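What follows is a set of notes on a single structure, which appears directly below.
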Amino acid sequence: MLSAAHDILKNQRAPENNSHVDPEPTPTSHNSTSRYDCNPVSTAAVLLADILPTFIIKMLAPFGLHLLPYSPRIILCGACTASSFLLVAFSQEVMTSLSGVVLTSISCGLGEITFLALTAFYPSEVVSWWSSGTGGAGVLGALSYLGLTLVGLSPENTLISMLGIPVLLLATYFLLLKSPDSSACQRDGALGTSAQRPLTAGESSKGLLKYIVPLTLVYFAEYFINQGLFELLFFRNTSLNHAQQYRWYQMLYQVGVFVSRSSLRCCHFRFIWLLAVLQFLNLGFLMAEVWFSFLPSIYLVFLIILYEGCLGGAAYVNTFHRVAVETQDEHREFAMATACIADTLGISLSGALALPLHDFLCQSH
1 MLSAAHDILK NQRAPENNSH VDPEPTPTSH NSTSRYDCNP VSTAAVLLAD
51 ILPTFIIKML APFGLHLLPY SPRIILCGAC TASSFLLVAF SQEVMTSLSG
101 VVLTSISCGL GEITFLALTA FYPSEVVSWW SSGTGGAGVL GALSYLGLTL
151 VGLSPENTLI SMLGIPVLLL ATYFLLLKSP DSSACQRDGA LGTSAQRPLT
201 AGESSKGLLK YIVPLTLVYF AEYFINQGLF ELLFFRNTSL NHAQQYRWYQ
251 MLYQVGVFVS RSSLRCCHFR FIWLLAVLQF LNLGFLMAEV WFSFLPSIYL
301 VFLIILYEGC LGGAAYVNTF HRVAVETQDE HREFAMATAC IADTLGISLS
351 GALALPLHDF LCQSH
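Under full-length UniProt numbering, the sequence shown has 285 at position 285, and the numbering climbs by one with no breaks.
Right under this line is the structure:
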């Protein structure tokens, strides 16, 4: 959905245009007189719709989510994902599209906290595979959206083509995922019993701040760049139009995330604070580029965005690896579910600040 954020807000398909083909791009867009070629609403609005429901779910999860077995959660995730694709694809209004993004957020938030909690029942190596999978999903989503729109498919029909994804999610969980104890009863009996044990903050929240705070800072800087600056990093001296540039930014970012999230099997990194500092340096540099436009080529921005994704992915996978190996067995399920609030908190804060930044820059230039 974040790869489609620029298209959602641009609302390219007019009511009288029912073609399944994306309209021919023009060399440059003319959304406003601003040199940034601004949409009326920042893509941070899509980010907030995509993250705030997730944030609420993660905040409330420790207080009652354990009462809901894993299987109904996964079914709800699949239903929300399918509904979101359909709602956004057939919407003609921005607010309706944002409602579809909210459904995606519910699916992502519930899915992330559920699967991270499930890793507590498997060997610690599954954290690396989980991180690689989420990184790969980002690349696949961004690349498929970029590729299908490049060959002429409209954003609306591109989203409809994604309806097989929630089906694969359900099939993978119910048909492929093996219970960690095959001699035990069914998954909702073996895992659900442990998951339904009341988990209180006092059990394992002590010490989690050392994981949560640096990851929050990394994600704040990362998504301030992604949804606050990407749409303002507009190069007119290139064959790519504005929407295509934004899609390339998102795809390259996801490639960086995937590479670094898959790196745990060859290297570990304990100093997450250093990654936060480096990500804020990225933010400062790209903010200066937005303001002064001193870079001669979009390809330099491509490299920086690839590097940005690498930093974010490394922070994510190493944080959860540390939680998995440094937390006591009886606290690990709760700790994994609680620590995942870090990225959501950082993303929420970045979206809230990116909205006024967009308005300020677009109105003053």
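Idealized CB from N, CA, C, for every residue including glycine. None of the values given here were measured: they were computed from a predicted structure.
Under 6 Å Cβ to Cβ from residue i, same chain only, skipping five residues before and after it: list those, please.
i       : result
Pro-166 : Gly-78, Thr-81, Ala-82
Ala-324 : Ser-124, Val-127
Thr-238 : Ile-298
Leu-315 : Note on identity: in this sequence residue 315 is Ala, with Leu being the wrong assignment. For Ala-315, where only same-chain residues beyond five positions count, the Cβ hits under 6 Å are Leu-215, Val-218, Ile-272, Leu-275.
Ala-195 : Unreliable positioning characterises Ala-195 in this predicted model, as indicated by a pLDDT of 43, which lies under 50. The coordinate reading is nonetheless provided below. Answer for Ala-195: His-66, listed in chain order.
Met-251 : Ala-142, Leu-143, Leu-146
Leu-159 : Phe-85, Val-88, Ala-89
Gly-346 : Thr-216, Tyr-219, Phe-220
Leu-177 : none
His-358 : Ser-42
Arg-73  : Leu-110, Thr-114
Gly-256 : Leu-306, Gly-309, Cys-310
Arg-332 : Ala-120
Can you find the residues in the same chain that come closer than 7 Å, C-beta to C-beta, to residue i, ignoring five residues on each side of it along the sequence?
i       : result
Pro-180 : Phe-121, Tyr-122
Phe-224 : Leu-283, Ser-350, Leu-353, Ala-354
Leu-229 : Leu-286, Met-287, Val-290
Tyr-173 : Ile-74
Phe-269 : Ala-314, Asn-318
Leu-148 : Thr-158, Ser-161
Ala-335 : Ser-204, Leu-208, Val-323, Thr-327
Where does residue i fall in DSSP's three states?
i       : result
Leu-153 : strand
Phe-220 : helix
Lys-178 : coil
Pro-356 : helix
Gln-227 : helix
Gly-207 : coil
Phe-269 : coil
Pro-62  : helix
Glu-125 : coil
Ala-171 : helix
Tyr-36  : coil
Ser-131 : helix
Leu-264 : coil
Ser-350 : helix
Ala-337 : helix
Ala-137 : helix
Ala-314 : helix
Pro-296 : coil
Ala-142 : helix
Ala-4   : coil
Phe-55  : helix
What does a CB cutoff of less than 8 Å around residue i pick up in its chain, not counting 5 residues either side in sequence?
i       : result
Phe-294 : Ala-288
Val-151 : none
Leu-240 : Trp-248, Ile-298
Met-59  : Ile-341
Gly-103 : First, the residue type needs correcting, since residue 103 is Leu and not Gly in the sequence shown. Around Leu-103: Cys-80, Thr-81, Ser-83, Ser-84, Leu-87.
Ile-304 : Asn-282, Phe-285, Leu-286
Report, in whole angstroms, the separation of the C-beta atoms of residue i and residue j, which I expect to be a contact under 8 Å.
i       : j       : result
Val-317 : Leu-355 : Wrong, their Cβ atoms sit about 29 Å apart, outside the cutoff.
Ala-49  : Ser-105 : 7 Å
Gly-119 : Tyr-211 : In the sequence as presented, Gly is not what sits at residue 119; that position holds Thr. About 15 Å separates the two Cβ atoms, so there is no contact after all.
Ile-113 : Cys-340 : 6 Å
Ala-337 : Leu-116 : 6 Å
Gln-279 : Leu-311 : 5 Å
Gln-245 : Gly-309 : Incorrect: roughly 16 Å between the Cβ atoms, too far for contact.
Ile-57  : Leu-110 : 6 Å
Gln-227 : Leu-52  : Actually they are not in contact, since the Cβ atoms of Gln-227 and Leu-52 sit about 13 Å apart, beyond 8 Å.
Gly-313 : Gly-135 : 6 Å
Val-101 : Phe-258 : With 8 Å as the limit, Val-101 and Phe-258 do not qualify as a contact, their Cβ atoms being about 22 Å apart.
Ala-5   : Pro-155 : 11 Å between Cβ atoms; not a contact.
Phe-55  : Ser-364 : Contact doesn't hold; Cβ gap of about 30 Å is too wide.
Ser-132 : Ser-262 : 4 Å
The alpha helix (DSSP H) that contains residue i, what's its start and end?
i       : result
Gln-328 : Looking at the DSSP string, Gln-328 is not in any alpha helix (DSSP H), and its letter there is neither H nor E.
Cys-80  : 70-89
Arg-236 : Segment: none, Arg-236 is in no alpha helix (DSSP H) and carries neither H nor E.
Gln-254 : 242-261
Cys-108 : 94-118
Asn-282 : 272-292
Val-41  : No alpha helix (DSSP H) holds Val-41; DSSP gives it neither H nor E.
Determine, using beta carbons only, whether residue i comes closer than 8 Å to chain C.
i       : result
Leu-153 : Included in the structure is just one protein chain, with no chain C present.
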